[in-house]
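What follows is a short report on a single structure.
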Amino acid sequence: MDWHTLDPKLTPNVVASTHVVQGDGHVSSVMELHFTSAMPFSCMKERLDFVDIQKFESNSTLIEGAGIGVWIETMTTDIKVELTTDGGCVVKVL
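Its first residue numbered 4, the sequence shown is counted upward by one per residue in the numbering used here.
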């Protein structure tokens, strides 16, 4: 799952850019996301905690930015990509 390159393409009105700042993009890597003016904060860093390539699932934890310590105490994100009957897919962010 190459989320750091897909995210700006899938949500260009929200995510301006992303890049890996620590690691190789696999589990325990840290990614920095920069947001457009649509968001109330400009950037955040999250750590990739889990990936299941066969099930198209991942889990990450917010570690810096995005109002952590101000608006929120902690945040984790679960992402699941599910195939649809018409050959497309649905991305679920939980």
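By construction, the Cβ of each residue, glycine as well, lies at the ideal position given by its N, Cα and C atoms.
For residue i, which of the options has the nearest alpha-carbon?
i           : options       : result
residue 56  : 33, 84 and 97 : 84
residue 49  : 27, 39 and 80 : 80
residue 107 : 28, 19 and 69 : This structure cannot settle anything about residue 107, because the visible part of the chain is limited to 4 through 97.
residue 17  : 41, 58 and 89 : 41
residue 29  : 19, 62 and 58 : 62
Let me know if residue i comes out buried or exposed under the rule of 16 or more other beta-carbons within 10 Å of its beta-carbon.
i          : result
residue 76 : exposed
residue 38 : buried
residue 51 : buried
What three-state label does DSSP hand residue i in the structure shown?
i          : result
residue 36 : strand
residue 7  : helix
residue 12 : helix
residue 67 : strand
residue 27 : coil
Can you give the Cα-Cα distance for residue i and residue j, rounded to whole angstroms?
i          : j          : result
residue 26 : residue 66 : 15 Å
residue 53 : residue 74 : 25 Å
residue 91 : residue 8  : 19 Å
residue 60 : residue 82 : 6 Å
residue 97 : residue 64 : 12 Å
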